[in-house]
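Numbering (the numbering used here), first residue to last: 708 to 930.
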């Protein structure tokens, strides 16, 4: 099956609701880190209260909220569209695994490593696929647009390198700055950087877009 054939029409979600589902868990993580007292009665009911004592308890509280919030967002997205994009699904699995390890072993390193590992994984998948002539960016980003082969290759290369950049950036931040700074970076650093980078890719989308009535478009429909 071709990459183009992998994309199937699916029910669209209101853009505002889509944003809530994507950003909601991260916003709750941010709030729980700064105002853990709002959530401690809830999480301490199901976990050891000692886990949330001291300054390190903030990030444990945030992680305990982040896990179910991410799962709820994935389930809600699936109920609404009968589809879960690759990136949120993989990220959600890592949130579950590394979040549980963080709380079970009482080691906040795991939740901080999660962005590094996920971004490295996506970067290597994209660049590795490109090396074998498989521009996988459409699948990874769940793209709904059509590009000429050269456009897919350029987009795959750019996003593959960008994911590796985010992985290195996360390593620098969590290893050299405080928990609060790292949390701020996840919300107010990573997201704006990603949006800015995505905006720089728009010229590629416009240049290599396949029009429905173009020869490329007709060829893809028949593939």
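We put the CB at the ideal spot given by N, CA and C, even for glycine.
Query, Result
"From 781, 774, 828 and 793, residue whose alpha carbon lies closest to that of residue 727", "781"
"Selection from 841, 855, 893 and 837 that minimises the alpha carbon distance to residue 868", "837"
"Among 853, 891, 833 and 827, nearest to residue 875 - alpha-carbon criterion", "827"
"According to DSSP, residues forming a beta bridge with residue 916", "854"
"Residue 842, DSSP secondary structure in three states", "coil"
"Residue span of the alpha helix (DSSP H) that contains residue 884, given as start and end", "Looking at the DSSP string, residue 884 is not in any alpha helix (DSSP H), and its letter there is neither H nor E."
"Inter-residue Cα distance where the pair is residue 708 and residue 839", "Since pLDDT at residue 708 reaches only 36, below the 50 mark, its modelled position is unreliable, and no value is offered."
"Within 8 Å, strictly: CB atoms of residue 810 and residue 870", "no"
"Range of the contiguous alpha helix (DSSP H) that encloses residue 899", "898-907"
"Contacting residues, own chain, Cβ-Cβ under 7 Å from residue 806 (five flanking each side not counted)", "770, 773, 774 and 818"
"Alpha carbon of residue 860 to alpha carbon of residue 815, nearest angstrom", "37 Å"
"Contact check, residue 825 vs residue 797, beta carbons under 8 Å", "yes"
"Assigned secondary structure, residue 794 (DSSP; H/G/I helix, E/B strand, else coil)", "helix"
"Straight-line gap, residue 914 to residue 858 (C-alpha atoms, nearest Å)", "8 Å"
"Per-residue burial, residue 742 [other beta carbons within 10 Å of its own, 16 or more giving buried]", "exposed"
"Residues near residue 729 by beta carbon distance below 8 Å, same chain, minus five either side", "780 and 795"
"Close beta carbons around residue 849, own chain, < 6 Å, minus the five adjacent residues each side", "792"
"Residue nearest to residue 731 in terms of C-alpha spacing, selected from 748, 784 and 750", "784"
"Beta-carbon spacing of residue 802, residue 821 below 8 Å", "yes"
"Beta-carbon proximity check, residue 912 vs residue 854, cutoff 8 Å", "yes"
"For residue 776, three-class secondary structure by DSSP", "helix"
"Residue 754 in three-state terms, based on DSSP", "coil"
"Residue burial classification, residue 832 (beta-carbon count within 10 angstroms, cutoff 16)", "buried"
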